[in-house]
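**Q** A single structure is presented below for examination.
Residue numbers (the numbering used here), protein chains in the order written: chain B, 235 to 814; chain P, 235 to 814.
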């Protein structure tokens, strides 16, 4: 606040000047005093001036509706929505979220420090406040090539930015526990800031070491026992409810009145369709209340606790001097968000963002990210090893993809040889899979075979593939795989399904090859068409692109594939396609 | 932590290296998970490495005693103990306090910025961590002269010091509510830091304005209703239990599990005798538990909550990575403090500080503070106005002092005239009172008459007189008043009782004329002798020097006296001694 603004806020609070806006007939949810009561809420500029009896230039009659602090998502990868930062913001503000703490992990993996800077740039056109934690594990694995790497020296200067709150999920927990030099360097530059954790299933002395290193929170707990142990180490628990990973119901029993201040809500990864249909943090508030959590505590976990954890002063409560980021709820059962104020302005009403789109927000500069070595059909062919034939095929390692699982199973079985090549076989649900470097035009291609997609033909291709986001293509036809790859290059990245040379459906993701530049509803429609096209090819997965996106993540599962080839995850090393 | 120290802490936590110290058979009070359980506490250097099963070079068998985080006093004026910073620290660490947030308000009123710097200097020799909030109201009143004034520009550079946490109690709440320029300037430089409040009885829109200005807390609540209203404005409540002002029992009912994180304990002003006999924060923990507060919450209000409020990272809980500031309690009823570890070292045992005194701590440099214009007997005489006589005395304003009250009553009554002078009269309990500038040798003396001290003769004198700490002398004899004043000058400040030319008792307070350089037990003994001497003069007050110290505080009560003369507090202006 400027001195003058503060003076005006004090004048309004003291009743000497009228407020800009007064919310009348409001039931205030006070997460500090743990009360709900009727009071006028006086707003001046971007601040709450006072609660009591006030006059204002504009009055909203809330007719008994509830005033909550605007919701804050404690940890989110905006990229998972496939939306640009401003469009994501428009989508979630309509559901009552006025601030998020975003980890631009995918942008950072693709574009490095420039990806982080881009999010900070783009956020200026968002109708919510986008805080950043700095992606701590780029690249995520040495077994896949990205174009970038972020060391402590790359991250350090970002801490001078007021929107940067700390270090994002330190996924490399073995590195922490083993006191690895490069990891400790990153912790050191974040000292005095927030350091978020990510340590699924870690316990015992390993967990103690992780906590002792100064890691303050975790959002990977899947059951109450796991969360209880982490809480006991002094860690804050971010309860996560995303699209795939849903931990809310399992963790709620641990939230007691005595410990509630150490819990907060986050979505981590939630796709645009779920954001539009279910909601975001509002969905967690609603569900938590339905599960029996005290509604005031539910709202507190959605706002105040997160603000306190991140040291966000004067945010997260409906009290004087705090930011006028307010979410109005119809009631405390359905928790329908009727209005949302951000910085004292009405920005959403009845589930729609009414703030005008800023034209500049549509063209926040970022260089193109798809840099693929010129592809030819030969790149998609796998020669059969010498001494093998149709009648005497070699044994190969096969990846088994499963819906809603980011891990995989594996098998060894005979390949199909045709014309001296190893080929896909729709009858055995054996598709070819290619991961193509899209960062440095190196021509590096890893290949393998995968079961599970059930394609009768064609190819599906994506430039969203965790965590390096190389181009990944699965298909039954080399020609269609090549066509799909070329189509994605022309789109500057995206998702596509090709069959018999024709693009059945696509979702252009021109921003870093990761997110769309279109409004949420349009992206959701495109995704819907994409799913329909996948069904047309007999794919049994509801979300084939979600499964696809994790087949190159070389740190979880049994067998994966990256631009460096097939990866035996348990050995943490590449292996040849041919099994001896 | 240095990188190397962090590496070692992680090694110990992970079980790869032995700890320096392991506390065995410990019952850990975990204020984060709200549990008490048995675990080894492994300490390396100044940090807790892990809780679980650990080996160490040194082992303490706690035999089932309780391990708490070291207590933190959220708001204390060390000067009220009459002890130097290191001796105060030795006294409270023996009672389990390992950190305090001190407001050096008295040092600042006497010595200005140098007084604040002195506390920061002296704190380096203290066996506790002394954090500072910057005194926000120096001088406290325009109706008394100090040698110093602290504006925003004087305070600003202190914020660069890591021990400085924010702005201390903003007592000038009318200045805040009226958006006074100089007050807002101080708030502005503290933005992003903690701003403590002090607003007795403030409520309604005035309180809203105070909270809207960014004042984050209050320690002046005397009942639960007052505290509830402040909590509702988003303010944190520091529950105070000092020597005079005791709010603990009145406020405890407001501490609910849902709101507990917004409460903390402080002493504000507690004298050395009470510190030695009752204790400090340990006394509050003990009393709160006896009053029915959940013991874990009691410990949390005494440690963790305060650390969170002030943004003190990794302090206030017994969890990995946190500072190894630990207080061991025999049980959770008596709460006897058996051992105290600070920075991983045993510094107190069985109620005694065992850390060696640092000789340098005894002579932390600070210039002398008593600068009084050469005094003669004439300075202590008050000529009777022309036209008055023994038979026809003038009416004068008389101050009525009361024990345990910092306010006063007043009356108008005939003076006693003898030899052309207005004189004291033991028969009517009418003592003379003088307030002598001791900062600038200006020769400014305010004088008046006071009832209540009941002296049969002699004089009592002090250089502790809130908030300007001029020299204040009450007496029945001008000669004894002069002698007492000269004695205090020779002591470089202090407390003294003089009768018939003889010093009956004194307490030298050579540090800023405010605190002793002696150990606590010796100061307590001196104070005891001082009380005995006052009784010898028939003074009915248990603590005459406490009453004396507030007779010049010109912002509360009806009639006071400063170096500028008698002060009509309600008119907020000086008035003549003679009532017309």
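Using N, Cα and C, we set each Cβ at its ideal position, and we do this for glycine too.
Checking the sheet assignment: what are the DSSP bridge partners for residue 470 (chain B)?
**A** In the DSSP output, where bridge partners are listed per residue, residue 470 (chain B) has B:451.
**Q** Check whether chain P comes within 8 angstroms of residue 597 (chain B), counting only Cβ atoms and requiring the distance to be less than that.
**A** Closer than 8 angstroms: no.
**Q** Compare the C-beta of residue 431 (chain P) against all C-beta atoms of chain B and say whether one is closer than 8 angstroms.
**A** Not one chain B Cβ lies under 8 angstroms of residue 431 (chain P).
**Q** Pull out every residue of the segment 412–432 of chain B whose Cβ sits closer than 9 angstroms to any Cβ of chain P, in chain order.
**A** Residues passing the 9 angstroms Cβ filter: 412, 413, 415, 418, 419, 421, 422, 425, 426.
**Q** Would you call the CB atoms of residue 765 (chain P) and residue 493 (chain B) closer than 8 angstroms?
**A** For residue 765 (chain P) and residue 493 (chain B), no; Cβs fall outside 8 angstroms.
**Q** At which residues does the alpha helix (DSSP H) containing residue 439 (chain B) begin and terminate?
**A** Segment 438–446, the alpha helix (DSSP H) holding residue 439 (chain B).
**Q** For residue 434 (chain B), which residues in the same chain have their Cβ closer than 6 angstroms to its Cβ, ignoring the five residues on either side in sequence?
**A** For residue 434 (chain B), where only same-chain residues beyond five positions count, the Cβ hits under 6 angstroms are 454.
**Q** Contact criterion: CB-CB distance below 8 angstroms. Does residue 717 (chain P) meet it with respect to chain B?
**A** False, the Cβ-Cβ gap to chain B never drops below 8 angstroms.
**Q** Please report whether the beta-carbon of residue 491 (chain P) lies at a distance below 8 angstroms from any beta-carbon of chain B.
**A** Yes, residue 491 (chain P) lies at the interface with chain B (some Cβ there is under 8 angstroms from its Cβ).
**Q** Going by beta-carbon coordinates alone, are residue 757 (chain B) and residue 316 (chain B) separated by less than 8 angstroms?
**A** Yes, the pair counts as a contact, with Cβ atoms nearer than the cut-off.
**Q** Cα-Cα, which of P:699, P:701, P:740, P:704 is closest to residue 717 (chain P)?
**A** Among P:699, P:701, P:740, P:704, the Cα nearest to that of residue 717 (chain P) belongs to P:740.
**Q** Need the endpoints of the beta strand (DSSP E) that residue 365 (chain P) sits in, please.
**A** Note, residue 365 (chain P): beta strand (DSSP E), 363–368.
**Q** If you pair each beta-carbon of the segment 391–398 of chain P with each one of the segment 344–361 of chain P, do three or more pairs fall below 8 angstroms?
**A** They touch, by the three-pair rule.
**Q** For residue 237 (chain B) and chain P, any beta-carbon pair shorter than 8 angstroms?
**A** For residue 237 (chain B), the answer is yes, since a Cβ of chain P falls inside 8 angstroms of its Cβ.
**Q** Under 7 angstroms Cβ to Cβ from residue 751 (chain B), same chain only, skipping five residues before and after it: list those, please.
**A** The answer, listed in chain order, is 318, 596, 744, 745.
**Q** Can you round the beta-carbon distance between residue 243 (chain P) and residue 555 (chain P) to whole angstroms, since I take them to be within the 8 angstroms contact cut?
**A** With a Cβ gap of about 7 angstroms, residue 243 (chain P) and residue 555 (chain P) count as contacting.
**Q** Grab the span of the alpha helix (DSSP H) containing residue 760 (chain P) for me, first residue to last.
**A** Residues 754–770.
**Q** Just to confirm, is the Cβ distance from residue 439 (chain B) to residue 426 (chain P) under 8 angstroms?
**A** No, the Cβ-Cβ distance between residue 439 (chain B) and residue 426 (chain P) is not below 8 angstroms.
**Q** Is the CB of residue 209 (chain P) under 8 angstroms away from at least one CB in chain B?
**A** Examination of residue 209 (chain P) is not possible in this model, given that chain P is present from 235 through 814 alone.
**Q** Distance, Cα to Cα, residue 569 (chain P) vs residue 287 (chain P)?
**A** Distance between the alpha carbons of residue 569 (chain P) and residue 287 (chain P): 26 angstroms.
**Q** Nearest to residue 410 (chain P) by CA position, among P:443, P:711, P:590, is which residue?
**A** The residue with the shortest Cα to Cα distance from residue 410 (chain P) is P:443.
**Q** Going by C-alpha to C-alpha distance, which of B:705, B:709, B:711, B:712 sits closest to residue 724 (chain B)?
**A** Of the candidates B:705, B:709, B:711, B:712, the one whose C-alpha sits nearest the C-alpha of residue 724 (chain B) is B:705.
**Q** If contacts are defined as beta-carbon pairs under 8 angstroms, then residue 631 (chain P) and residue 811 (chain P) qualify, I think. What distance do you get, rounded to the angstrom?
**A** Correct: roughly 6 angstroms between the Cβ atoms.
**Q** Mind checking the segment 548–561 of chain P against chain B and listing, in chain order, the residues whose C-beta falls within less than 9 angstroms of any C-beta there?
**A** So the list reads 548, 551, 552, 553, 554, 555, 556, given in the order they occur along the chain.
**Q** Got a sec, what are the start and stop residues for the alpha helix (DSSP H) residue 325 (chain B) sits in?
**A** 319–327 is the extent of the alpha helix (DSSP H) around residue 325 (chain B).
**Q** Would you mind giving the Cβ-Cβ distance between residue 516 (chain P) and residue 552 (chain P), rounded to the nearest angstrom? I have them listed as a contact below 8 angstroms.
**A** Contact doesn't hold; Cβ gap of about 16 angstroms is too wide.
**Q** Reducing DSSP to helix, strand and coil, say where residue 639 (chain P) ends up.
**A** If DSSP states are grouped into helix, strand and coil, residue 639 (chain P) belongs with coil.
**Q** Does any residue of chain P bring its CB to less than 8 angstroms from the CB of residue 269 (chain B)?
**A** At least one chain P Cβ lies under 8 angstroms of residue 269 (chain B).
**Q** Between which two residues does the alpha helix (DSSP H) harbouring residue 714 (chain P) extend?
**A** Run containing residue 714 (chain P): 712–724, per the alpha helix (DSSP H) assignment.
**Q** Near residue 588 (chain P), which residues of its chain fall below 8 angstroms by C-beta distance, leaving aside the five closest residues on each side in sequence?
**A** So the qualifying residues of the chain are 580, 581, 582.
**Q** Starting from the C-beta of residue 292 (chain P), find all residues in its chain whose C-beta is less than 7 angstroms away, skip the five residues before and the five after it, and write them out in chain order.
**A** The residues are 254, 255.
**Q** Which residue spans inside the segment 395–438 of chain B form an unbroken beta strand (DSSP E) run of at least 3?
**A** Taking only runs of at least 3 residues, the beta strand (DSSP E) segments lying wholly in the segment 395–438 of chain B are 398–404, 428–431.
**Q** Decide if the segment 306–314 of chain P is in contact with the segment 336–345 of chain P; the criterion is three or more beta carbon pairs, one per stretch, under 8 angstroms apart.
**A** Result yes; three or more Cβ-Cβ pairs closer than 8 angstroms.
**Q** Pick helix, strand or coil for residue 498 (chain B), following the three-state DSSP scheme.
**A** Correct three-state label for residue 498 (chain B): strand.
**Q** Which chain P residues are close to residue 495 (chain B), counting only those with a beta carbon under 8 angstroms from its beta carbon?
**A** Residues of chain P passing the Cβ test: 495.
**Q** May I ask whether a heavy atom of the ligand ADP can be found less than 7 angstroms away from the beta carbon of residue 478 (chain B)?
**A** Of the ligands one can find in the structure shown there are none, so the ligand ADP has no counterpart to examine.
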